[in-house]
Amino acid sequence: MTTAQFHSPASLADAVALLSDLGARPLAGGTDLIVQMRAGRAAAPAIVDLKRIPGLSGVRRSAEGGFIIGAATPCTALKADAALAAAWPGVVEGANLIGSVQVRNRATLAGNLCNASPAADSVPALITAGARCKVVGPAGEREMAVADIPVGPGRTSLAPGEVVSEIVLPAQSASGADAYLRLTPRTEMDIAIVGAGAWIELAADGSCTAAQVALGAVAPTARLVEAAGAALVGTRLDEAALAALSAACQAAAEPIDDKRGSAAYRIAMAGVLARRAVLKAAERAAARKKA
Amino acid sequence: MARVILPGAVANELFGGREEVEVPGRTLFAVVHALEVQGPGFEERAEGGGLAMAVDGVLAEDWSTPVGPDSEVLVVSRVAGG
Amino acid sequence: MSRLHVTTTVNGDAQEFLCDPGATLLDVLRGPLGLTGSKEGCGSGDCGACTVTLDGAMVCSCLVLAAEAEGRRITTIEGMAEGGELHPLQQQFLKFGALQCGFCTPGVLVAAKALLDHNPDPTESEARYWLAGNLCRCTGYDKIIRAVMAAAAELRQDQSSKERSPA
Amino acid sequence: MNAPTGKLANEDGYRVVGTRPVRLDGVDKVTGKAIYGGDFVAPGMLHGAILRSPHAHARIRSIDASAAAALPGVKAVVTGADMPDDAALKAADRTGDTMAIARHSMALDKALFDGHAVAAVAATSPEVAQAALALIRVDYEVLRPVLSIEAALAPDAPLLHPGHVTRGERPGKAEPSNVVGVTTHAKGDAAAGMAQADEVFEGTFSTPPIHQGYIEPHACVAQWNADGQAQIWASSQGQFMIRDQVGKILGVALANLRVVPLEIGGGFGGKTRVFLEPVAMLLSRKAGRPVRLAMTRGEVFRASGPAPGSRTVIRMGARRDGTITAVELDIVLTSGAFAHDESGPALLSATMPYTIENLAFTGRAVFMNMTTVHAYRAPAAPQAVFAVESAIDELAQRLGLDPLDMRIRNVARPGDPGFSGLPLGEVGFLEALEAAKAHPHWTAPLPKGQSRGVGAGAWGNYGGASTAEVSVADDGTVLVAEGNPDIGGSRAGMAMMAAETLGIDYEQVRVIVADTNSIGYSMQTGGSRTTFATGMAVIQACEKVIADMRHRAAMVWGVEDAEVDWRDGAAWCGSGENAGRSLTMKAIARRADQSGGPIAATGALMAQGYLPGVGVHICDLSVDEETGVTTITRYTAVQDVGKAIHPDYVEGQMQGGAVQGIGWALNEEYVWNAAGAMDNPGFLDYRMPVASDLPMIEPVMVEKPSPVHPFGVKGVGEAPIVPPLAAVANAVSRAIGKRMTHLPLSPVKVQAAAAEG
């Protein structure tokens, strides 16, 4: 692990400058990066710690009533933010399934996103929430959908020197709610064999007015399944609609066989978990309507 | 001559498959020595703790235990734990 | 490769050390600082035996770069007892026999203290999920959880008695 | 050399034995002061590192370490050529164990598993050592690996050890093969017995290799001086074991090889042999300085001694009333790269709790291109008993019998002929089964969606050689030195047995684990022997001290020794003018110099008459049939413990063993890729149970005392891992109505089985 330089810049501009030389890696929580460095799976000749840049840690409300989450905000801080946890329980529970409390006191949403593991626990719910992120780099700032960041296992669409500085969640709709579920052999300290995020919006009569469903660990990246959401809109989430949802998810799944699960199992579980995540989100949406 | 009964694996490996052997000896020390002559390697295995011996149904760690002319010596393979 | 000079606070004492940019906090605690109470069970954040607190939050010190310690407050197992007086958690672990080989115990104790600082009255399930990051292979966790719950009760009782009769 | 007699301090029961005092080494362990393998630092110590083969099976054509040796800071480089040659290792012991351990610790001409050590360096820092490894060039000729039992037994299988002939094979039948050895056991007439059965179950069971999972990686420091004297500081299950094995491998006289025991961070049998010590010694001799060698977690998985995988074919016949008429069992265990044949203990343990008329067992171990297996807590018993207890459960269901009643019907009782044919001693198999049946858990109504499984299992335990020394200080306090590393509170047990024998308080006794130059030989901590055998040696030494102190008191009072009684930590005069007077230990010890000199005695013996331990576990669980995820909801572990000296730590053995068994049943397994490299060498993808996976494990101690041990002790450490595989598998099988025969019962497998219906 030959890391020659460690920097902890006090501004984003300094960080971007440092990150533009080849091989420099941003460090937020480090719970993926440091493991890969020690195992020799990631070369990091220079480390740029983002945690001393003011404004990058913490959750702020956006003008539209949504939430702006700094790139250096640890997952446990999301759970501690009551407003965020109430508005986006799915995003917060996804972030708080990563590793252990020790890991979640360090790991960040931006890090989980940019590590680009197909099984990243926080990404499916971010996608169904329509989250966006601010990217800062040598060419200045730009905004993009969270879904467009990961492009394959361990690969993102970020240009060299670019870093995600914020993740932005829209305001939650009056009768919408989200949920994230994952399938793991252990109750903690595990990696999703399959993950499923869902966002559901219900009309006064209980019928579904909008729905987003995304799957984790069944494709090179977390994946929004339009057909799954579409199968629910206009229905009362009855058995037929849920069956169509499951079928759509199974069709969208292109998993691999690996030490954690077989492709066949993942395809089957894609349907099962998506269904359960939808029902959990719907239950929360119904509860919000009444509250 | 004491009658010695050997476990299958030891019989096959050291005594040409004979599971019962007659040997002279008034103590287990003598019996073990006599068994070594017929099956070289037996003494080392017994000393290493891999084999235990019972004289007339009683396990004896102490080889000074007397062995009568018509005694039965049962050789048992022993297992250490984890 | 130039080494970094870091100043930090460990268990309330000011500490300085030189470290490679890639060195972990665990390497420094166990090496130059001679605090071998934090243990390396895996080096990948999967066992919790290296748990310390960093500015009050419990973390795996094998997944923190030593350079990140600059200006921060670190507590390790060696800082848990005050002088000769064991912390209630340490006492209850001994009373319940909540350790056998003891290798995971430092990490478990630091994590358990962080739990009770965060939640003085945890349910059994809350305690089990909080401690899920600390692997133990000897005890099957039963006596660890019972000792944590007993220490929590004792601390709550001390707290309430302190409130009733402030010193 | 006779076994100690040991008297009760008072007739109505024990004063110290059975209480729950705080352990003596407790404060060090809860404050982080205790020194484990990787914590020890010797002055001038170098840091070692090992280069390991990335290939599971390869010939080593050449090793060029010249660049590494030239790297500034590198002080020594060793390869297999630095180890003694085959002839010297064979001369050390004809069983071949020394050769196997030496060649596993450092390859000679062939790399036989992914992770096999091929070279090692010692340098002034870990970073320099790692840099040096990267400069070592090894020319491998990659060979086809053997990665399964089937592959090992295939007629065209590459032979891992061409010269090896199967041990225990009938003469003339043995020809070179990957079969390490074969063991058989027959009783009565299995075919006839099977014919009498009303119901016959036949099944094939398998378990993958799994790891003991101790959280402390192997670590040691070795110093081999120019005058031939050496010291090793290491965590292990036996400092005497290290001395024996390193002494045989390197040809060092035992008196020249002082091994100092450090605290051990879990072993479970996996630290009952050496891996690093011989290499650290070679590096130290070349460098002239102490060398620390430690494994990373990945190295522990790839290159230490996991438990063997198994394939068991079983046929079991039973009559309508549940009597088992015959069992035919054929078990094949993996041995890994070198010879470690656990088929003996597998056959011994398979049906140990039961007396069955007709048995026909065969056991074999096979070489495989995987790290050499080694003992894991009741070695090979869980694998064999998984098949037997599953078969019993299946037959009980088919015959409509209560599963515990069926086990009780076949239970082995004292006096029944055991495996060796010798009559069983005061075994507590029946008492444990009845205690399980009487326990509220067995008859508690099952919540909806849950199912209940039961499993029993025993382990033979062991006694063997132990030495302990007891001395009395001037103030009457007592010091015990013994030779068994304290993994689970055994120091406390020794202090309690000493205090009980001497009739004094526990707090007046201190116990240390001494190094190999400070105490007589003690067999290592393992085989569930320590409290039984080393306890006996401590008691014997205390009895000698009592006899000495009674003699001194007799001299003071001018009476015969026989006139002096020993009670409540004091000598009592029985006759003459001083009748009724007493002298405390303190009073006697203060004038020790005037009555013959220091008070000290040694207990050294071969502990005999050890009795097996048995466990009966009841497991409630729910299975989410859609996903295959299993959740343990209630677990009770019943065990005959003889007499619990320190109940906390006996319960701890029962709870820890049960949870290791649960992990074995549900999620733990070695996974390899096609090339034979381990795919999950870490605690993320090698899934051991975490705290949130489990309920409380309720321990139920059945105390049927051993008549041989002064305080009734039976070994307890290994029996608790034997029942859980079947207890969990039986519960899952009942939940989904399908016999689960291949561990682990991961969500993928259980979901597939449930979906088949």
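Protein chains in written order, with our numbering: chain U, 1 to 291; chain H, 1 to 82; chain V, 1 to 167; chain C, 1 to 757. All residues carry an ideal CB built from backbone N, CA and C; glycine is no exception.
Beta carbon of residue i nearer than 8 Å to that of residue j
i, j, result
"residue 270 (chain U)", "residue 250 (chain U)", "yes"
"residue 395 (chain C)", "residue 436 (chain C)", "no"
"residue 84 (chain U)", "residue 70 (chain U)", "no"
"residue 76 (chain H)", "residue 25 (chain H)", "no"
"residue 482 (chain C)", "residue 600 (chain C)", "no"
"residue 231 (chain C)", "residue 260 (chain C)", "yes"
"residue 104 (chain C)", "residue 372 (chain C)", "yes"
"residue 175 (chain U)", "residue 289 (chain U)", "yes"
"residue 471 (chain C)", "residue 479 (chain C)", "yes"
"residue 49 (chain C)", "residue 138 (chain C)", "no"
"residue 71 (chain H)", "residue 2 (chain H)", "yes"
"residue 555 (chain C)", "residue 585 (chain C)", "no"
"residue 303 (chain C)", "residue 116 (chain C)", "yes"
Bounding residues of the alpha helix (DSSP H) (the contiguous stretch that carries residue i)
i, result
"residue 129 (chain V)", "124 to 130"
"residue 113 (chain V)", "105 to 118"
"residue 86 (chain C)", "86 to 92"
Residue burial classification, residue i (beta-carbon count within 10 angstroms, cutoff 16)
i, result
"residue 157 (chain V)", "exposed"
"residue 285 (chain C)", "buried"
"residue 110 (chain C)", "buried"
"residue 448 (chain C)", "exposed"
"residue 16 (chain V)", "exposed"
"residue 80 (chain V)", "buried"
"residue 64 (chain U)", "exposed"
"residue 264 (chain U)", "exposed"
"residue 337 (chain C)", "buried"
C-alpha gap between residue i and residue j, whole angstroms
i, j, result
"residue 141 (chain U)", "residue 731 (chain C)", "58 Å"
"residue 9 (chain U)", "residue 273 (chain C)", "50 Å"
"residue 527 (chain C)", "residue 462 (chain C)", "5 Å"
"residue 105 (chain V)", "residue 220 (chain U)", "39 Å"
"residue 40 (chain V)", "residue 216 (chain C)", "7 Å"
"residue 532 (chain C)", "residue 710 (chain C)", "9 Å"
"residue 759 (chain C)", "residue 144 (chain U)", "A query on residue 759 (chain C) cannot be resolved here, the shown segment of chain C reaching from 1 to 757 and no further."
"residue 18 (chain U)", "residue 127 (chain U)", "30 Å"
"residue 143 (chain V)", "residue 666 (chain C)", "22 Å"
"residue 685 (chain C)", "residue 625 (chain C)", "23 Å"
"residue 278 (chain C)", "residue 101 (chain C)", "9 Å"
"residue 716 (chain C)", "residue 191 (chain C)", "36 Å"
"residue 93 (chain U)", "residue 99 (chain U)", "12 Å"
"residue 609 (chain C)", "residue 10 (chain V)", "54 Å"
Where the beta strand (DSSP E) through residue i begins and ends
i, result
"residue 75 (chain U)", "First-last for residue 75 (chain U): 75 to 80, but that is the alpha helix (DSSP H), not the beta strand (DSSP E)."
"residue 479 (chain C)", "478 to 482"
"residue 140 (chain C)", "137 to 142"
Supposed close pair residue i, residue j - CB separation, criterion 8 Å
i, j, result
"residue 187 (chain U)", "residue 690 (chain C)", "7 Å"
"residue 618 (chain C)", "residue 452 (chain C)", "7 Å"
"residue 193 (chain C)", "residue 317 (chain C)", "6 Å"
"residue 583 (chain C)", "residue 571 (chain C)", "5 Å"
"residue 642 (chain C)", "residue 611 (chain C)", "7 Å"
"residue 505 (chain C)", "residue 590 (chain C)", "Actually they do not touch by this definition, with Cβ atoms about 18 Å apart."
"residue 90 (chain C)", "residue 123 (chain C)", "Incorrect: roughly 33 Å between the Cβ atoms, too far for contact."
"residue 140 (chain C)", "residue 67 (chain C)", "With a Cβ gap of about 18 Å, residue 140 (chain C) and residue 67 (chain C) do not count as contacting."
Neighbouring residues, chain D, relative to residue i (Cβ below 9 Å)
i, result
"residue 191 (chain U)", "Considering every chain present, this structure includes no chain D. Its protein chains are U, H, V and C."
Residue i CB to nearest heavy atom of the ligand MN below 7 Å
i, result
"residue 81 (chain H)", "The ligand MN is absent from the structure shown, which contains no ligands of any kind."
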